[in-house]
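As structure tokens, the structure follows; a few thoughts come after it.
Numbering (the working numbering), first residue to last: 74 to 672.
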């Protein structure tokens, strides 16, 4: 990932950002008032970060983001994504603690508490909360709206009847209704607890209606002071709701899909809304193969995303009409209201992603052309080396010799074109003859299949390996048609055929960096293949030490059990199903004897 290009493209707007590792696993979700500034701090102030954050930064391979309207919206979205996906680096706090939860105990006259230990047998949990301050704000709101006990007494029916407890200061200052002396009815107390569950689930409107009803009843009974208390509670809820809900809380289950496109690409944005909160977001780039209409692309995306999420949502909104019918699901284009605002927010994300894609493609093309032109100049080539193939040999003390070829197209790995080679005609450790063999095999095949030859060949090695590769091209009668160079590891010297003195390219040259990348990739590809082959060889040699186990039996056993260790640990009856009872008995007997000798 090019960190500079990545940071340059981030928006200077509020929202959340998501870090992914090499395996595309979400490893961190963060919120920001300004996404670009916040993410830039991770890379521009690396020396000031703690070890945990440095470790996080070292694993970041890609970044995604979602734009929202306010910083507080960004917090809510971050919190819900953490709850949904539990990214690795959001869980591992500096103090090795998990995020706090709010939970309501399942005892008689329940309490509302905060905790970092998740034990669902104790009660109902809500969270986790990434901000202790935000969690305490919710708890404070609940305690202002409802008077709940905070003591740890066991308020069983028997204990209360026996008058084991006395009311405390909390009762006298109005923070508790005194359930310890049976001064509040259990049903009334539990009705308050039910309203608290609604608040913590995001069902604010349900609680507001509850207080409106109580206020109306108090007013009818001319209990104006009591009605004012309920009015004050309503105002508290309205204030809390205005700062803590991204969209209308009446929107309980909704999916939002929007699309924007140009001639080459389409960008699809997805929101999942639950109880007024954006719970899931996703942005997809679709590369157009043909001139597919937006309606078709969006329809395919809706199906794919719903299958991926196992979605059962019955309400979908989009920015365009799509020819898609799903049983029991309504698909609409909103014209006004909160749903229309959601479409606008989703399109805002689409527009920024599409602009980023267009900018990325232009920058990528410019970079590719710049690097290839630099290589053409440094290596004195007649044409741009758009297709480059690099060869490397691998063996350890002459065992299991193999070779590999990697291919880069326009400066990028083209992994479908990579090839492994088992050395067939060379006996013993001979790098030169091995190089001759694989180069000859590679281009003999291309010639026979009438496929185009590369623009440049790179040989990982010095003058000896390069000369061997040139002999192969000469025997194929294509020597001189393809530029070919060798690169020696020690001083990064570039060798040309028939030149006595090497070429030294500027160490900061992008051309040399690309050559090194090709060489390193070829080496990695070759050594990986060699290790696999050597491992299989050692397995086979160990297994064939046992009498009565030939190559075919070995293959059967290895396909079934994968490793010799598993074969040795398998019981006789299971082995008999693969190789027969007689062989299984002999094999187990020899395994036991070998173990005793090892002891």
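Glycine residues also receive a C-beta, built at the ideal position from the N, C-alpha and C atoms.
- Sorting 599, 222 and 261 by C-alpha distance to the C-alpha of residue 244 places 222 at the top.
- Residue environment for residue 550: exposed (fewer than 16 other C-beta atoms within 10 angstroms of its C-beta).
- Residue 346 is bridged by DSSP to 327 and 351.
- According to DSSP, residue pairing for residue 531 in a beta bridge involves 463 and 558.
- The closest CA to that of residue 357, considering only 396, 420, 390 and 409, is found on 420.
- Nearest to residue 327 by C-alpha distance, out of 265, 306, 375 and 93, is 375.
- When DSSP states are grouped into helix, strand and coil, residue 407 belongs to the coil group.
- In terms of Cβ geometry, residue 194 and residue 173 do not form a close pair [threshold 8 Å].
- Annotation note: the region 210 to 285 contains the following uninterrupted alpha helix (DSSP H) runs of length 4 or greater, listed N- to C-terminal: 230 to 234, 242 to 245 and 259 to 274.
- If you ignore the 5 residues before and after residue 645, its C-beta comes within less than 6 Å of the C-beta of 657 and 661, all in its own chain and listed in chain order.
- In this structure, the straight-line span from the alpha carbon of residue 405 to that of residue 462 is close to 52 Å.
- The straight-line gap separating the alpha-carbon atoms of residue 96 and residue 600 is approximately 22 Å.
- Inter-residue distance for residue 305 and residue 220 is about 14 Å (C-alpha atoms, whole angstroms).
- Boundaries around residue 109 are those of the alpha helix (DSSP H), 108 to 117, since no beta strand (DSSP E) includes it.
- Annotation: residue 281 to residue 248 spans about 21 Å, alpha carbon to alpha carbon.
- Taking C-beta atoms as the reference points, residue 129 and residue 89 fail to come closer than 8 Å.
- Of 192, 190 and 197, the smallest CA-CA separation from residue 183 is found for 197.
- Where residue 521 is concerned, the enclosing alpha helix (DSSP H) starts and stops at 504 to 521.
- Secondary structure of residue 340 (DSSP, three-state): strand.
- The C-alpha of residue 114 lies about 29 Å from the C-alpha of residue 580.
- Residue 528 counts as buried, since no fewer than 16 other beta carbons sit within 10 angstroms of its beta carbon.
- In the three-state scheme derived from DSSP, where H, G and I count as helix and E and B as strand, residue 130 is classed as helix.
- Between the region 332 to 346 and the region 423 to 436 there are three or more inter-stretch CB-CB distances shorter than 8 Å, so the stretches are counted as touching.
- For residue 571, the closest C-alpha among the options 544, 582, 590 and 595 is that of 544.
- Per DSSP, residue 426 has no beta-bridge partner at all.
- Nearest in C-alpha terms to residue 371, of all of 346, 265 and 423, is 423.
- Out of 509, 93, 398 and 261, the CA that lies nearest to the CA of residue 542 is found in 509.
- With respect to residue 240, residue 254 sits close: the two C-beta atoms are nearer than 8 Å.
- The Cβ atoms of residue 555 and residue 592 lie no closer than 8 Å to each other.
- The straight-line gap separating the alpha-carbon atoms of residue 479 and residue 534 is approximately 15 Å.
- Among the bridge pairs identified by DSSP, residue 480 is matched with 462.
- Pairing residue 505 with residue 604, the inter-Cα distance amounts to about 21 Å.
- The DSSP-derived three-state label of residue 189 is coil.
- DSSP lists no bridge partner for residue 551.
- When the alpha-carbon of residue 495 is set against those of 487, 484, 481 and 476, the nearest one is in 476.
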